[in-house]
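So the sequence shown is residues 675 to 918, counted in the working numbering.
Shown next, in structure tokens, is the structure this report addresses.
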Amino acid sequence: MRILGVDFFKGTVEEAVEEARRGGLVVAPSGPGLANDLPNSEAYRLSLLESEMVLPDSGLLCLWLKVFGHKSIKRISGLEYLSVFLDSTDLHGSSFWVMPNESEALANILWLEKKYKFSIESASVYLAPTYSPKVFLEDQDLLAKIESGNYKYIFIQLGGGVQERLGLYLRRHLGKGPTIICTGAALAFLSGQQIRIPRWADKYYLGWLLRCVSNPFKFIPRYLSALRLFWLLFRHGKKPYPAQ
Numbered sequence: 675m676r677i678l679g680v681d682f683f684k685g686t687v688e689e690a691v692e693e694a695r696r697g698g699l700v701v702a703p704s705g706p707g708l709a710n711d712l713p714n715s716e717a718y719r720l721s722l723l724e725s726e727m728v729l730p731d732s733g734l735l736c737l738w739l740k741v742f743g744h745k746s747i748k749r750i751s752g753l754e755y756l757s758v759f760l761d762s763t764d765l766h767g768s769s770f771w772v773m774p775n776e777s778e779a780l781a782n783i784l785w786l787e788k789k790y791k792f793s794i795e796s797a798s799v800y801l802a803p804t805y806s807p808k809v810f811l812e813d814q815d816l817l818a819k820i821e822s823g824n825y826k827y828i829f830i831q832l833g834g835g836v837q838e839r840l841g842l843y844l845r846r847h848l849g850k851g852p853t854i855i856c857t858g859a860a861l862a863f864l865s866g867q868q869i870r871i872p873r874w875a876d877k878y879y880l881g882w883l884l885r886c887v888s889n890p891f892k893f894i895p896r897y898l899s900a901l902r903l904f905w906l907l908f909r910h911g912k913k914p915y916p917a918q
């Protein structure tokens, strides 16, 4: 389904996981990302347009479609998608992980190894530097590490607005061979590095509320800014957002 010029996946989470195994870039843009990065970053906009799959992660987007667009689309959150993907995929020796910092990387890896009974070598983990905002990204060190291995799945666990642009860079250099999955903080939710979001809260679009309660100074301004998405949807609807 095309909204704001972006083709969002329409189907079940199981279908999305199966289709992603063919390779390419998978992104799950949040409401704040669509509201703020889509209009202001050409790199972000192209990362969505060039992705093989854009998951309808934003509850605001799905709600607008249901109420005002007279159509519905099943929301697939990054958390739900990553959970199903991990539960149904053999990742032994085939995965590469981009992490935001050392402490989160350690906690995430320990959780993955304990739950899924496979080991993750240090060569398959990359601690991302601080990337520039909004612009097209390049990271030759990351690209070289990935190219030195035979990885089927690359998981980018960085914040929204950054992960999509980094995914675009990797997709353009690696081609459609590996599956590049951008699900932001989803792994941190699962490993307990961020507040755990129960399935019922994720199902009923309440993950944002739990995050605001856990860290109001960080997340309340972020989600208030996402309300701009309603204005973009009313103004542009199913027409593409004007290219910069």
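Beta carbons: idealized from backbone N, C-alpha and C, even for Gly.
Asked, Found
"Assigned exposure category for GLY705 - 16 Cβ within 10 Å defines buried", "buried"
"Under the three-state DSSP convention, the category GLN918 falls into", "A caution first: GLN918 carries a pLDDT of 47, below 50, which makes its placement in the model unreliable, though a value can still be read off. Coil, per DSSP."
"SER865 versus PHE792: straight-line alpha-carbon distance, rounded", "16 Å"
"Supposed close pair SER732, LEU699 - CB separation, criterion 8 Å", "Wrong, their Cβ atoms sit about 18 Å apart, outside the cutoff."
"PRO803, buried or exposed, once every other Cβ within 10 Å from all chains shown has been counted against 16", "exposed"
"Contact under 9 Å by Cβ, PHE682 with LEU735", "yes"
"Short Cβ contact (9 Å threshold) for PRO852 with GLY752", "no"
"Outcome for ALA818 when other beta-carbon atoms lying within 10 angstroms are tallied against a minimum of 16", "exposed"
"Simplified DSSP assignment, three categories, for ARG676", "strand"
"Residue span of the beta strand (DSSP E) that contains LEU901, given as start and end", "Per DSSP, LEU901 belongs to no beta strand (DSSP E) and is neither H nor E."
"Option in TRP738, LYS740, ALA702 and SER768 with minimal Cα separation from CYS856", "ALA702"
"Contact belief for PHE829 with SER769 at Cβ below 8 Å, rounded distance in angstroms", "6 Å"
"For GLY849, the nearest candidate out of GLU821, GLN831 and PHE863 (CA to CA)", "GLU821"
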